[in-house]
Amino acid sequence: MLHRPRALQPQLVSVGRMDRCCVSSATLMSLQFPYTFTVVFKIFQPNWRQALRCSVTANPTDVKLGELLLADVLNAPGVWVEPPNVRRGGESGVLRVELGGLTFYKKQQVGHVYRSLRHPFGHPTVAREAKAVRAATALGVGTPELVYSHIHKHQGEWQAVMVTAALEGYVSLEDFRARQLEKTLGHHRYLEILEAYGRALGKLNLGKWQHGCLYLKHVFVDFRAPGVAVALLDLEKARKRFSAKQAARHDLRQVKRRSGWDGEEWGAFCRGYRHSFGTKADVLL
């Protein structure tokens with residue numbers, strides 16, 4: 035079904051210091067679902083040259099939006115699951131949006147930046163996270179599906195929005211432990227889950243990508259099928275390293291320090307990690 039072009043109306047979003055208009059700098063001029071997707075931006079803000087260099091991702095073919103328009107998701111008010119908090123010199127918060135039987139998570143930021151040699155004056159963390167999600171997907175590592183991301187400057191301040199699809203049927207390893215699901219599934223199945231986590235992280239690190247924030251709450255698993263699906267969340271701190279060894283060394287230290295596993299649990303994770311990373315992992319584990 036093809037939908038007629040529909041304008042994306044500005045949405046005022048409360049993210050801390052004051053109401054911010056995270057998506058008002060552009061009008062979505064053309065939308066066609068489910069076969070094609072065309073985005074044309076008309077820039078209204080004074081610093082339009084900077085806005086034209088914004089980062090935009092639109093990938094509805096991976097996420098089944100059904101009859102929904104992207105504009106519907108962007109304009110929906112939602113419920114705060116991570117209330118706006120002040121850090122990195124700005125504000126960042128996450129809304130859960132439920133529309134048409136689907137659930138999305140919408141991250142909205144104002145002045146929330148990271149600094150690097152390439153961006154010494156700061157660049158939105160959403161841009162780095164969206165890049166990491168795309169890289170992880172290309173490496174075969176599960177993540178929440180990226181629906182849309184956009185950054186722009188408004189009155190000299192970075193603003194950003196990113197929308198991802200909810201992970202249906204997944205549970206975090208933190209909740210897995212809290213709910214004592216090992217008793218229900220059995221110890222052998224639990225070790226298979228940890229092994230699957232190791233395989234997923236091994237793939238990411240072998241591709242020279244470092245997650246950088248590996249808590250159990252950021253590792254989601256779906257064990258309903260015979261195999262185990264793993265998805266890594268919160269890639270805001272993820273970055274590409276010069277070598278796979280650098281990425282692996284950093285992430286493995288975090289996993290070992292933050293997991294609280296015993297020797298058998300760590301051994302199951304390592305089996306999966308070696309399977310993806312190769313024998314060179316032995317000197318790192």
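Sequential numbering of the sequence shown, starting at 35, is according to my numbering.
C-beta atoms are modelled at their ideal positions from N, C-alpha and C, and glycine is treated no differently.
Here the alpha carbons of A265 and I227 stand approximately 12 Å from one another. In the displayed model, R152 falls within coil according to three-state DSSP, outside both helix and strand. Rounded to the nearest whole angstrom, the C-alpha separation of F138 and G261 is 25 Å.
Each residue's CA atom was taken as its position, placing H284 and W295 some 18 Å apart. The count of Cβ pairs closer than 8 Å, one atom from the stretch 215 to 222 and one from the stretch 247 to 256, stays below three, leaving the stretches out of contact.
As DSSP reads the structure, Q142 sits in a beta bridge with G127 and V195. Residue burial is scored here from C-beta neighbours: G123 has fewer than 16 other C-beta atoms within 10 angstroms and is therefore classed as exposed. Residues of the same chain with a CB within less than 6 Å of the CB of E191, apart from the 5 flanking positions on each side, are G145 in chain order. DSSP, reduced to helix, strand and coil, places G294 outside both helices and strands of the structure shown, so it counts as coil. Scanning the stretch 214 to 275 from its first residue to its last, the whole alpha helix (DSSP H) runs of 4-plus residues come out as 215 to 219 and 221 to 240.
For the options L248, A172 and A259, the alpha carbon positioned closest to that of Y204 is the one of A259.
The C-beta separation of S310 from R233 comes to about 5 Å, placing the pair in contact by the 8 Å criterion.
Just so you know, the alpha carbons of P117 and A170 end up roughly 27 Å apart. Scanning its chain for C-beta atoms nearer than 8 Å, with the 5 sequence neighbours on each side dropped, one finds around P178 the residues Y139, V167, T198, A199, A200, L201, A265 and L267, in chain order. Counting other Cβ atoms within 10 Å of its Cβ, R162 reaches 16 or more and is therefore classed as buried.
For the pair G236 and H153, the Cα-to-Cα distance works out to about 29 Å. Going by DSSP, E116 is part of the beta strand (DSSP E) stretching over V113 to R121. For P158, the beta-bridge partners assigned by DSSP are V147. In this structure, V128 keeps its C-beta atom at 8 Å or more from the C-beta atom of A110.
Cβ atoms of A272 and G246 come within 8 Å of each other, at about 5 Å.
The beta carbon of K141 lies closer than 6 Å to those of V128 and M196 in the same chain, with the five residues before and after it left out. The residue among A212, E298, R223 and A302 with its C-alpha nearest the C-alpha of L250 is A212. As a beta-bridge residue in DSSP terms, V205 pairs with V255.
Of all alpha-carbon atoms in Y148, W114 and L269, the one lying nearest the alpha-carbon of L180 is that of L269. Residue pairing by DSSP places E132 opposite T137 in a beta bridge.
Around the Cβ of T313, a 10 Å sphere holds fewer than 16 other Cβ atoms; the residue is exposed.
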